[in-house]
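Quick notes on the structure that follows.
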Amino acid sequence: MPAPGENLRINPARLWDSLDQMAQIGPGVAGGCNRQTLTDADNEGRHLFKDWCTAAGMTMGVDTMGNMFFTREGTDLDALPVYMGSHLDTQPTGGRYDGVLGVLGALEVVRTMNDMGVKTRHPIVVTNWTNEEGARFAPAMLASGVFAGIHTEEYAKSRNDPEGKVFGAELERIGWVGDEVTGARKMKAMFELHIEQGPILEAEGKDIGVVTHGQGLWWLEITLTGKDAHTGSTPMNMRVNAGLGMARITERVHQIAMSHQPDAVGAVG
351 MPAPGENLRI NPARLWDSLD QMAQIGPGVA GGCNRQTLTD ADNEGRHLFK DWCTAAGMTM
411 GVDTMGNMFF TREGTDLDAL PVYMGSHLDT QPTGGRYDGV LGVLGALEVV RTMNDMGVKT
471 RHPIVVTNWT NEEGARFAPA MLASGVFAGI HTEEYAKSRN DPEGKVFGAE LERIGWVGDE
531 VTGARKMKAM FELHIEQGPI LEAEGKDIGV VTHGQGLWWL EITLTGKDAH TGSTPMNMRV
591 NAGLGMARIT ERVHQIAMSH QPDAVGAVG
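Residues are numbered in the working numbering as their position in the sequence shown, beginning at 1, plus a constant of 350.
Now the structure itself:
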């Protein structure tokens, strides 16, 4: 067994193969994925993930929101678990690695520790959160939000998708309503490996970065109502131009974001 503190290296070919196998479930455009939450594809991906985790010697727990937890026991029965993971659901035109890397990367850590005979004092829990993307059932991070006490379970399970299907009914349909109380689990820490989804690391020639801040979101929905008028004969001072108002809002959003650099961003669309 490696000495304490010794760096371990995963099996990159095994991780790459797992990512590729998962990507075959719910294939999307341009080599990406369309594995939206609580669909048949999501169900298939969950079962594959379950099979892999079970083969790695972990035991499964599922809460009432469908969040999946696979535990590798530690040597100290009183030590709180260390969690790793992310989500398996994708956007309709999602990529292969958004969320999935965090889940399967965590599984690869456990596989590597098994290969090396590593024992940990704290239990290790690999997690798949339900509906992190929010593409089908808004808002995003819905089930983890219930886990954290941000949303009630009643609120979450009443969300509708664009076709009118209800979150709670779809969760039951695919068979992933667990018996654990959502949010009852305790954590020592939570780690999430994630693709950057931005250009900074590549621009700076770095392979990995450590997140130091959580991004706060503020959404505004603004309706501007203009007035039809003849283009050539309506004086400028008598026009009601919604497009001009939108342009000014867009410029102001940009100005506000630029005044809070390097951390703030702003977008209109």
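The beta carbon of each residue, even a glycine, is placed where N, CA and C say it ideally should be.
inquiry  = Please list the terminal residues of the continuous alpha helix (DSSP H) segment that includes Val-496.
reply    = On the sequence shown, residue 496 is found 146 positions in, with the first residue counted as 1. First-last of the alpha helix (DSSP H) with Val-496: 492–497.
Extent of the continuous beta strand (DSSP E) run through Phe-420 = Taking the first residue of the sequence shown as position 1, residue 420 is located at position 70. Per DSSP, Phe-420 belongs to the beta strand (DSSP E) from 418–422.
task = Classify Tyr-447 as helix, strand or coil using the three-state DSSP reduction.
result = As a first step, residue 447 must be located in the sequence shown, where it is residue number 97. If DSSP states are grouped into helix, strand and coil, Tyr-447 belongs with coil.
inquiry  = Pop quiz: Asn-464 and Gly-424 are said to be a contact at Cβ under 8 angstroms. What is the actual Cβ separation, rounded to whole angstroms?
reply    = Here residue 464 refers to the residue found at position 114 of the sequence shown. Here residue 424 refers to the residue found at position 74 of the sequence shown. The Cβ separation is near 14 angstroms, so there is no contact.
ask   = Which of helix, strand or coil does DSSP assign to Pro-377?
value = Here residue 377 corresponds to residue number 27 of the sequence shown, with the count starting at 1. Note: Pro-377 maps to strand in three-state DSSP.
query = Which first and last residues belong to the beta strand (DSSP E) in which Asn-361 is found?
reply = As a working mapping, residue 361 is identified with position 11 in the sequence shown. No beta strand (DSSP E) holds Asn-361; DSSP gives it neither H nor E.
message = Going by C-alpha to C-alpha distance, which of Gln-611, Thr-404, Arg-396 and Ser-494 sits closest to Met-540?
response = Against the sequence shown, residue 540 aligns to sequence position 190. Of the candidates Gln-611, Thr-404, Arg-396 and Ser-494, Ser-494 places its Cα closest to the Cα of Met-540.
query = Three or more C-beta pairs closer than 8 angstroms, one from the segment 523–530 and one from the segment 445–455: is that the case here?
reply = Too few Cβ pairs lie closer than 8 angstroms, so no.
query = Helix or strand or just coil, what does DSSP make of Asp-557?
reply = Along the sequence shown, read from residue 1 onward, the residue named residue 557 stands at position 207. The answer is coil: DSSP assigns Asp-557 none of H, G, I, E or B.
query = Going by other Cβ atoms of all chains shown within 10 Å of its Cβ, with 16 needed for buried, is Asp-392 buried or exposed?
reply = Start at 1 with the first residue of the sequence shown, and residue 392 comes out as number 42. It is buried - the Cβ of Asp-392 has at least 16 other Cβ atoms within 10 Å.
task = Report yes if the CB atom of Thr-414 is closer than 9 angstroms to the CB atom of Glu-503, and no otherwise.
result = Looking up residue 414 in the sequence shown gives position 64. Looking up residue 503 in the sequence shown gives position 153. Contact flag set, yes.
ask   = Going by alpha carbons, who is nearest to Thr-470 out of Glu-483, Leu-430, Lys-556 and Ala-490?
value = Along the sequence shown, read from residue 1 onward, the residue named residue 470 stands at position 120. For the set Glu-483, Leu-430, Lys-556 and Ala-490, the Cα lying nearest the Cα of Thr-470 is the one of Leu-430.
ask   = Is Asp-613 near His-563, with beta carbons less than 9 angstroms apart?
value = Position 263 of the sequence shown holds residue 613. Position 213 of the sequence shown holds residue 563. Yes, Cβ-Cβ distance for Asp-613 and His-563 is below 9 angstroms.
query = Any idea what DSSP makes of Met-463, helix, strand or coil?
reply = Locating residue 463 in the sequence shown gives position 113, where the first residue counts as 1. In the structure shown, Met-463 sits in a helix (DSSP, three-state: H, G or I).
ask   = What three-state label does DSSP hand Phe-541 in the structure shown?
value = Looking up residue 541 in the sequence shown gives position 191. Strand.
Coarse secondary structure for Gly-411, derived from DSSP in three states = Here the question's residue 411 lines up with position 61 in the sequence shown. Strand at Gly-411.
task = For Gly-455, count neighbouring Cβ atoms within 10 angstroms of its own Cβ and tell me buried if that reaches 16, exposed if not.
result = Counting from 1 along the sequence shown, the entry for residue 455 is found at position 105. Label assigned to Gly-455: buried.
Own chain partners of Asp-558 with C-beta closer than 8 angstroms, once the 5 adjacent residues on each side are dropped = In the sequence shown, counting from the first residue as 1, residue 558 sits at position 208. Note on identity: in this sequence residue 558 is Ile, with Asp being the wrong assignment. Hits under 8 angstroms: Leu-551.
key: 8 angstroms contact criterion, which Gly-535 and Phe-399 should meet: CB distance rounded   = As a working mapping, residue 535 is identified with position 185 in the sequence shown. As a working mapping, residue 399 is identified with position 49 in the sequence shown. The residue you asked about is not Gly; residue 535 is Arg in the sequence shown. Actually they do not touch by this definition, with Cβ atoms about 18 angstroms apart.
key: Burial state of Met-586 (16 or more Cβ within 10 Å)   = Locating residue 586 in the sequence shown gives position 236, counting from the first residue. Burial state of Met-586 is exposed, judged by a 10 Å Cβ sphere holding fewer than 16 other Cβ atoms.
query = Going by alpha carbons, who is nearest to Trp-363 out of Arg-461, Met-491, Val-432 and Ser-609?
reply = Here residue 363 refers to the residue found at position 13 of the sequence shown. Before going further, note that residue 363 is Ala rather than Trp in the sequence given. With distances taken between Cα atoms, Ala-363 lies closest to Arg-461.
query = How should Lys-577 be labelled, buried or exposed, when 16 other C-beta atoms within 10 angstroms of its C-beta is the threshold for buried?
reply = Counting from one through the sequence shown, the residue named residue 577 turns up at place 227. Of the residues assessed, Lys-577 falls on the exposed side of the cut-off, its CB having fewer than 16 other CB atoms within 10 angstroms.
query = Would you call the CB atoms of Ala-373 and Val-476 closer than 9 angstroms?
reply = Taking the first residue of the sequence shown as position 1, residue 373 is located at position 23. Taking the first residue of the sequence shown as position 1, residue 476 is located at position 126. Not closer than 9 angstroms, so no.
Three-state secondary structure (DSSP) of Thr-600 = Along the sequence shown, read from residue 1 onward, the residue named residue 600 stands at position 250. When secondary structure is reduced to three states using DSSP, Thr-600 falls in the helix class.
ask   = Apart from the five residues on each side of it in sequence, which residues of its chain come closer than 7 angstroms, Cβ to Cβ, to Ala-490?
value = One-based indexing of the sequence shown puts residue 490 at position 140. Excluding positions up to five away in sequence, the list reads Glu-482, Glu-483 and Gly-484.
ask   = So who's on the other strand from Tyr-433, going by DSSP bridges?
value = Here residue 433 corresponds to residue number 83 of the sequence shown, with the count starting at 1. Its beta-bridge partners are Val-475 and Met-540.
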